[in-house]
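Protein chains in written order, with the numbering used here: chain A, 2 to 109; chain B, 2 to 109. Ideal Cβ placement from N, Cα and C applies to all residues, glycine included. I have placed the structure first, in the form of structure tokens, so that the comments after it can refer back to it.
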């Protein structure tokens, strides 16, 4: 998961998910991997980049073709269950920001 | 640096900086801290969230009031020097994406 993703030319959307984990795994690792695999199968999914430092603070930026694709993924039944368990058990806190990517460039 | 930032209501801009570090520090830690302090003094700076996993892959999302503020920061002389050294020495690779944040919400 800690790697660059290949994206098309903008415009496209990003869901920025910043989070601090609670202590212990409690099934989080398996679910996080399952959610990445499931998201990758959804219409309009473009890619994901995710990283977390040793102190438990992480950022996951997932990229989507349209707002409709983001809404559909948010309503996906299995994802809904993960969201609920995330709120109850896995995350001390999280912030979500949804943004329209207008420009992109890479290291030369 | 690995903590949540407080942001106003959208809209505002985000600069998404995904990077993989080279091996060794080579003055990177000091410069990274200096750049966060300097950015925080720039007009239009709203906040920053940053994290890096043990394998060297990191994401820094910095938040800005306007595109003009992002452009001015990119042209800042001391930041320019850091960008050049980053290209030459500190980063194996990086990707930059600039996006307009339209919606935001938090863990309930």
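Where the beta strand (DSSP E) containing residue 96 of chain B begins and where it ends: Judged by DSSP secondary structure, residue 96 of chain B falls within the beta strand (DSSP E) whose first and last residues are 92 to 107.
Positions along the stretch 78 to 92 of chain B whose CB lies within less than 9 Å of some CB in chain A: 87, 88, 92
is_contact[residue 52 of chain A, chain B] using C-beta, thresh 8 Å: It does: the Cβ of residue 52 of chain A has a partner Cβ on chain B nearer than 8 Å.
Closer than 8 Å to chain B by CB, residue 47 of chain A: no
Run of the alpha helix (DSSP H) containing residue 30 of chain B, from where it starts to where it stops: 29 to 41
Whole-angstrom distance between residue 17 of chain B and residue 59 of chain A, CA atom to CA atom: 14 Å
Proximity to residue 108 of chain A [Cα-Cα], best of B/99, B/93, B/46: From the listed residues B/99, B/93, B/46, the smallest Cα separation to residue 108 of chain A is found for B/93.
N-terminal and C-terminal residue of the alpha helix (DSSP H) that residue 72 of chain B is part of: 68 to 76
Residue 38 of chain B vs residue 99 of chain A beta-carbon contact at 8 Å: no
Enclosing beta strand (DSSP E) for residue 51 of chain B [first to last residue]: Boundaries of the beta strand (DSSP E) harbouring residue 51 of chain B: 46 to 53, taken from the DSSP string.
Any C-beta of chain B under 8 Å from that of residue 70 of chain A: no
Residue 59 of chain B (DSSP reduced to helix, strand or coil): strand
Residue 103 of chain B at chain A interface by Cβ criterion, 8 Å: yes
Identified DSSP bridge partners for residue 84 of chain A: Residue 84 of chain A pairs with nothing; no bridge assigned.
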